[in-house]
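Student: Chains as they are written, first to last, in this note's numbering: chain A, 429 to 688; chain B, 1310 to 1570.
Ideal placement from N, C-alpha and C gives every residue a C-beta, glycine not left out.
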Amino acid sequence: MTEEQRNLVSILLRVGSVLTGLLGWHYLAVAVIKDPGILVSPVEVVSKAYEMMVTTGELYPHLFASSIIFFYGFVLAVLVGVPLGFVMALSPLVRDYVNPWMTTLYTAPRIAFAPILLLWFGIGAGSKVAIVFLGCVFPVLINSYYGMRVVNREYVELARSYRLDRWALFGKILLPASVPFILAGVRLAIGRGLTGVAIAEWFGATEGLGYLIFFAGQTLNVPTLFVGVAVFAALGIIGFEIVRRVEKFATPWRGQTQGS
Amino acid sequence: MSLLPLRKEISRGAISIFAGIAVWEILARALLENELLIPPPSSVARTFWNLASSGQLNKHFAATATEFFYGFSAACMVGVLLGYLMGMHRWFDEIMDPWMAALYSIPVIALVPMIIIWFGIGIFSKIVVVFKITLVAIILNTAAGIKNLDPVWLELAQSMRLSSWQTTYKIRLPGALPFIITGMRLGVGRALLAVVVAELMASNAGLGYLLRESSETWDSPKLFVTVILLAVIGLTSFNLIKRFEQRMAPWRQSAEWSADS
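1. Use the C-beta contact count for D1459(B): other C-beta atoms within 10 angstroms, 16 or more gives buried, fewer gives exposed.
2. Helix, strand or coil for L1471(B) per DSSP?
3. Looking at S445(A) and M1405(B), is the spacing between their C-beta atoms short of 9 angstroms?
4. Return the Cβ separation of V1536(B) and I544(A) in integer angstroms, given the expectation that the two are a contact with Cβ distance under 8 angstroms.
5. When the cut-off is 9 angstroms and only beta carbons count, does E1403(B) lie next to chain A?
6. Against E1464(B), what residues of chain A qualify as contacts under a CB-to-CB distance less than 8 angstroms, listed in chain order?
7. Would you say E1554(B) lies against chain A (beta-carbon separation less than 9 angstroms)?
8. What does the alpha-carbon distance come out to for the pair L598(A) and G575(A)?
9. Are the C-beta of K1317(B) and some C-beta of chain A separated by less than 9 angstroms?
10. Give every residue of the same chain whose Cβ lies closer than 7 angstroms to the Cβ of V458(A), excluding the five residues on either side of it in the sequence, and list them in chain order.
11. With a cut-off of 9 angstroms, does the C-beta of G664(A) fall near any C-beta of chain B?
12. Looking only at C-alpha atoms, which of M1557(B), L1449(B), M1469(B) sits nearest to D1384(B)?
13. For S1362(B), does the count of other Cβ atoms within 10 angstroms reach 16, so buried, or fall short, so exposed?
14. In the structure shown, what three-state DSSP assignment does D463(A) receive?
15. Could you tell me whether the Cβ atoms of A1354(B) and L1516(B) are closer together than 9 angstroms?
16. Between S1363(B) and chain A, is the shortest Cβ-Cβ distance under 9 angstroms, so that the two count as touching?
17. At 4 residues or longer, and completely inside the stretch 474-544 of chain A: list those alpha helix (DSSP H) runs for me, N to C.
18. The stretch 437-461 of chain A: which residues have C-beta closer than 7 angstroms to a C-beta of chain B, in chain order?
19. Given F1401(B), which residues of its chain have a CB within under 7 angstroms of its CB, disregarding the five upstream and five downstream residues?
20. Measuring only between beta-carbons, confirm whether V657(A) sits less than 9 angstroms from chain B.
21. Using 9 angstroms as the limit for Cβ to Cβ distance, is G1484(B) near chain A?
22. Using a Cβ-Cβ distance under 9 angstroms, would F1381(B) count as near chain A?
23. Identify whether S469(A) lies in helix, strand or coil by the three-state DSSP scheme.
24. In chain A, which residues lie less than 8 angstroms from T1535(B) when you measure between Cβ atoms?
25. For chain A, check one thing: does any of its Cβ atoms lie closer than 9 angstroms to the Cβ of V1332(B)?
26. Checking 9 angstroms against the spacing of the C-beta atoms, do V614(A) and V671(A) come in under that value?
27. Can you list the residues of chain A that P1349(B) reaches, using a CB-CB cut of under 9 angstroms?
28. Which chain A residues are close to A1507(B), counting only those with a beta carbon under 9 angstroms from its beta carbon?
29. Under a three-way DSSP split, which group does L635(A) fall into?
30. In chain B, what lies closer than 7 angstroms to A661(A) by C-beta?
31. Is it the case that the Cβ atoms of V657(A) and M1423(B) are separated by a distance below 9 angstroms?
32. If we count the other Cβ atoms within 10 Å of its Cβ and call it buried at 16 or more, is S519(A) buried or exposed?
33. Helix, strand or coil: which one does DSSP assign to F1345(B)?
34. When the Cα atoms are used, what is the spatial distance from V607(A) to M516(A)?
35. How many Å lie between A542(A) and I559(A) at the Cα?
What follows is the structure in structure tokens.
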């Protein structure tokens, strides 16, 4: 088989797989289960999505509310995570003192902290931003730390032989060299941040995508539930793609990006 | 590296933890009148003792551990099998790929309401949640491991005239093992989060249930006990798997830094 034929077969297989899956889903919903409280056909999900996005537009306030929370939490996480990661990389003293707390917070399931944050910040935007922040900050912090630790020794020696001072060393060598790592952390943070949004909006929210999903789940509104889940998936994919573009733009010297 | 810097790191870590707890105790006692916002460590410890001696903690812990165990072991078996097939056969990989991508990009939490609608509020829905989360991570990593096998090993298998069953058993699976374990490690963290979410949402036992109960009754010491317990469980499982991973694949040093959500 030539390369072209190979690609054609590949595309056919993928499309066929998706179509077969959707048909099976439709058949299961319409002919086997027949209970719209458990499963609805993909046709209904699509028409519900159309209704929510075009006819009534009720999706947008939720999308907007979630975006705001995500944005603040995410930006705050980058603003705190990157400098703290650098400080930890450059000072072993800080690293040793911060490390036990960081590891504990990082490895614990984040959901556990949600009730406490709610207790401290109330049910307003503050607690939600804090939950998203907590989800995003560690991948960014750890990757910034690691990126600065593994900078190639030869670069540092080159900088020394040019007699660069501390700040020039930092700005010209250490910072650019750790950018790919920071971006890898940012990419992980997007997924965790989205989960954080869902968790946050489940506690005492009145709007947002997370609220939409949980409310739909509790009222057995299955089409809306599916739409909400699909929007979350789409946001994840879009966010991932944006970071990949930024990565290509910001680190042109790297031939290909590494998967994490 | 000699032992000295390591010991210094540990002593600094210990100092940091103890100082943190002491400051917390003093601040909580001095500044706050009631224990609602931040209960002092001493009252958290007392509550822990009460809950543990009354057997309550044990019951909830056992419920969560059971759910986790069943879901995780089922996912390991199915995941390695599917991942192996995906790694071996390109057509199977292409058929599965769109579905894996969709499953992978949906946040765990968003699926939980659906799984509860389908499988009820009992233990079974939590097993399904753990299964789903762990499965995707293991499948993707197993497939990557099988695909990235060193061709030299396969040539070796050929020149030794191993049967295809022997090649699988003696070359492919051991070769992919480090990847499989990485998948398991990623799965553990995500599954722990997901099982707690599922229990929080609808259940009658488990640590997530304890979390909801204590936050709804504004029982802060109990809430903190649960949170700290979950943190300890997360930390322990993370370290155990990391150690296991290092033993199985000592050449993969940097694995700990690519922890997924």
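Tutor: Reading off the structure:
1. For the purposes of this step, residue 1459(B) is identified with residue 150 of the second sequence, where counting begins at 1. Classification for D1459(B): exposed.
2. Position 162 of the second sequence holds residue 1471(B). Here L1471(B) sits in coil by DSSP.
3. Here residue 1405(B) is taken as the residue at index 96 of the second sequence, counted from 1. Here residue 445(A) is taken as the residue at index 17 of the first sequence, counted from 1. Against a cut-off of 9 angstroms, the Cβ pair of S445(A) and M1405(B) comes out as a contact.
4. Along the second sequence, read from residue 1 onward, the residue named residue 1536(B) stands at position 227. Along the first sequence, read from residue 1 onward, the residue named residue 544(A) stands at position 116. Sure, about 6 angstroms apart at Cβ, within 8 angstroms.
5. Within the second sequence, numbered from 1, the residue matching residue 1403(B) stands at position 94. Yes, E1403(B) lies at the interface with chain A (some Cβ there is under 9 angstroms from its Cβ).
6. The sequence position of residue 1464(B) within the second sequence is 155, counting from 1. Against chain A, the beta carbon of E1464(B) has no neighbour under 8 angstroms; the closest one sits roughly 24 angstroms away.
7. In the second sequence, residue 1554(B) corresponds to position 245, counting from 1. No, its Cβ sits nowhere closer than 9 angstroms to a Cβ of chain A.
8. Position 170 of the first sequence, counting from 1, holds the residue named residue 598(A). Position 147 of the first sequence, counting from 1, holds the residue named residue 575(A). Here the sequence assigns Phe to residue 598(A), which means Leu is not the residue at that position. Roughly 13 angstroms separates the two Cα atoms.
9. In the second sequence, the residue the question calls residue 1317(B) occupies position 8. With 9 angstroms as the cut-off, K1317(B) counts as an interface residue toward chain A.
10. Along the first sequence, one-based indexing puts residue 458(A) at 30. Counting only Cβ-Cβ distances below 7 angstroms, and skipping sequence neighbours, we find S469.
11. As a working mapping, residue 664(A) is identified with position 236 in the first sequence. Yes, its Cβ sits closer than 9 angstroms to a Cβ of chain B.
12. Residue 1384(B) sits at position 75 when you count from the first residue of the second sequence. For the sequence presented, residue 1384(B) should be read as Ala rather than Asp. Nearest option by C-alpha distance: L1449(B).
13. The count along the second sequence starts at 1 and reaches residue 1362(B) at position 53. Per the 10 Å Cβ criterion, exposed.
14. Position 35 of the first sequence, counting from 1, holds the residue named residue 463(A). Of the three classes helix, strand and coil, the one that applies to D463(A) here is coil, per DSSP.
15. By one-based count along the second sequence, residue 1354(B) stands at place 45. By one-based count along the second sequence, residue 1516(B) stands at place 207. Cβ distance not < 9 angstroms, so A1354(B) and L1516(B) don't count as in contact.
16. For this step, residue 1363(B) is matched to residue 54 along the second sequence. Taking Cβ atoms only, chain A never reaches closer than 9 angstroms to S1363(B), which makes this a no.
17. 487-518, 520-535
18. So the close ones are S438, L441, R442, S445, V446, G449.
19. Translated into the one-based positions of the second sequence, residue 1401(B) becomes position 92. Counting only Cβ-Cβ distances below 7 angstroms, and skipping sequence neighbours, we find L1394, M1395.
20. Here the question's residue 657(A) lines up with position 229 in the first sequence. Closer than 9 angstroms to some Cβ of chain B, the Cβ of V657(A) qualifies, so yes.
21. As a position in the second sequence, residue 1484(B) is number 175, starting the count at 1. No - not a single Cβ of chain A is within 9 angstroms of the one on G1484(B).
22. Here residue 1381(B) refers to the residue found at position 72 when the second sequence is read from its first residue. Chain A, which has no Cβ nearer than 9 angstroms to the Cβ of F1381(B), makes this no.
23. Position 41 of the first sequence holds residue 469(A). In this structure, S469(A) counts as coil in the three-state DSSP scheme.
24. In the second sequence, counting from the first residue as 1, residue 1535(B) sits at position 226. Those are A540, listed as they occur along chain A.
25. Position 23 of the second sequence, counted from the first residue, corresponds to residue 1332(B). Not an interface residue.
26. As a working note, residue 614(A) is residue 186 in the first sequence. As a working note, residue 671(A) is residue 243 in the first sequence. Yes, the Cβ-Cβ distance between V614(A) and V671(A) is below 9 angstroms.
27. For the purposes of this step, residue 1349(B) is taken as residue 40 along the second sequence, with counting starting at 1. Neighbours of P1349(B) on chain A: none; closest Cβ ~15 angstroms, over 9 angstroms.
28. Start at 1 with the first residue of the second sequence, and residue 1507(B) comes out as number 198. Correct list: empty, because the minimum Cβ distance to chain A is about 10 angstroms.
29. What you label residue 635(A) is simply residue 207 of the first sequence in a count that begins at 1. Note that residue 635(A) is Glu in the sequence shown here, rather than Leu. E635(A): coil per DSSP, three-state reduction.
30. Here the question's residue 661(A) lines up with position 233 in the first sequence. Per Cβ cutoff of 7 angstroms: A1411, S1414, I1415.
31. Taking the first sequence and counting its residues from 1, the one referred to as residue 657(A) is at position 229. Taking the second sequence and counting its residues from 1, the one referred to as residue 1423(B) is at position 114. Yes, these two residues count as a Cβ contact at 9 angstroms.
32. In the first sequence, the residue the question calls residue 519(A) occupies position 91. With fewer than 16 Cβ atoms within 10 Å of its Cβ, S519(A) is classed as exposed.
33. Taking the second sequence and counting its residues from 1, the one referred to as residue 1345(B) is at position 36. Checking the sequence shown, residue 1345(B) turns out to be Leu, not Phe. L1345(B) falls in the coil class under three-state DSSP.
34. Position 179 of the first sequence holds residue 607(A). Position 88 of the first sequence holds residue 516(A). Rounded to the nearest angstrom, the two C-alpha atoms are 16 angstroms apart.
35. Reading the first sequence from its first residue, position 114 is the one you call residue 542(A). Reading the first sequence from its first residue, position 131 is the one you call residue 559(A). Distance between the alpha carbons of A542(A) and I559(A) is about 6 angstroms.
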